[in-house]
Amino acid sequence: MIALSHDNLVNYYKTNFRLMQEHNYSLSEIENMIPWEREVYISLLIDYIEKETERINKKMQG
Amino acid sequence: MALPKLNDKPKYELVIPSSGKKVKYRPYLVKEEKVLMMALESGDKNTALNAVVDTIEACINDPIDKNDLSIFDIEYMFIMIRSKSVGEISEVGVKCPKCNTVNEVSIKLDDVKLPSIPKDKSIEINDTISLQMRYPGYMDVASLEDETLSGTEKVFKLIGKCIESVTTEDEFILIKDTPESELEEFIESLSSAQFMKIKDFVENIPTVEKDVTFHCKSCSEKNDIKLKGIDDFF
């Protein structure tokens, strides 16, 4: 039955904490999303962070 | 006090396999998934089953009585709700029967088949006695988990829970009105052939299923496998 869940509690709390701490989401906003919606926001954020890191790196090199 | 929020979640439809009743449902939310994870990670089967049933009850818009749901209703309804909540594709590890390598196979959960439910659930014990059977509800399965019984004792208990009534030449006896000791005595008095008929019913309780075809990544064998039961789908 454990496999019915696509995530685990440790990962759940860690991700929520980072979303609240670093990206200004509120806990109630996160908890009222549909799980796939939360996944979409997380992957969009990862994309954004990667692009920003690349942009900053390029700026520092140039 | 804030006004309630209406129509803020999508609604879908499913058919409850045992009753054929069409009901509307919504996906579960992150906070409900958290409760599921807590229950599933507790390692207690009953806690997990109760959490799954509570989630189904919360997500179904129409009134349903969870005590009327069979175990295959729970499996099917949870798969449907989960597919709209987490994603319609589930990656499962399926063992190649030839070389035992675990292969990742993508399954579209929406394509999971409804279990086919036989209409006639009666069993002829002899010329004068017949049994009307029923599929076990989730409460029946949960009550078996509570007891510290051996495997055989659990099968006997489950068989008892699957008998709805006994019809003799001049009597119709409802099992729910019969003392448990009398039912146990009745089951123990069955001949081997009679017992096998009932055992066959219990072993063939409908379950969710789906046919999958994949080529093994290790030995390239083409496999056609039938996934059965909720554990096979995640």
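Chains as they are written, first to last, in the numbering used here: chain G, 1 to 62; chain D, 1001 to 1234. Where is the CB? At the ideal position from N, CA and C, for every residue including glycine. The model shown is predicted, which means the values in this text are computed figures rather than measured ones.
Taking the CA atoms as reference points, E1203(D) sits about 12 Å from P1136(D). In the same chain as E1075(D), and ignoring 5 residues on each side of it, the C-beta atoms closer than 6 Å to its own belong to V1208 and I1230, in chain order.
Among the residues of chain D, none has a CB under 8 Å from the CB of L45(G); the nearest is roughly 15 Å distant. For G1093(D), the enclosing beta strand (DSSP E) stretches over residues I1089 to K1095. Looking at the backbone, the Cα of K1095(D) and that of K51(G) are separated by about 39 Å. Cβ neighbours of L1144(D) within its own chain (closer than 7 Å, five residues either side excluded): K1154, K1157 and L1158. Taken in chain order, the complete beta strand (DSSP E) segments of 3 residues or longer contained in the region 1075–1141 of chain D are 1089–1095, 1102–1108, 1122–1124 and 1130–1133.
Looking at the DSSP output, D1224(D) bridges to T1213(D). Put simply, the backbone Cα of P35(G) is about 16 Å away from that of V1052(D). Contact with chain G is absent for P1017(D), since none of that chain's Cβ atoms lies less than 8 Å from the residue's Cβ. Runs of the alpha helix (DSSP H) spanning 4 or more residues and lying entirely within the region 1144–1208 of chain D occur at 1151–1162, 1180–1188 and 1192–1203, in chain order. Distance check between I1123(D) and each of I1117(D), Q1132(D) and S1116(D) places Q1132(D) closest, using alpha-carbon atoms only. Taking 8 Å as the threshold, the shortest C-beta distance from P1027(D) to chain G falls below it.
Around the beta-carbon of M60(G), fewer than 16 other beta-carbon atoms lie within 10 Å, marking it exposed. Of the candidates S1018(D), L1003(D) and D1008(D), the residue whose Cα lies closest to the Cα of K1119(D) is S1018(D). In the structure shown, the three-state DSSP call for K1024(D) is strand. Not a single CB atom of chain D sits nearer than 8 Å to the CB of I42(G).
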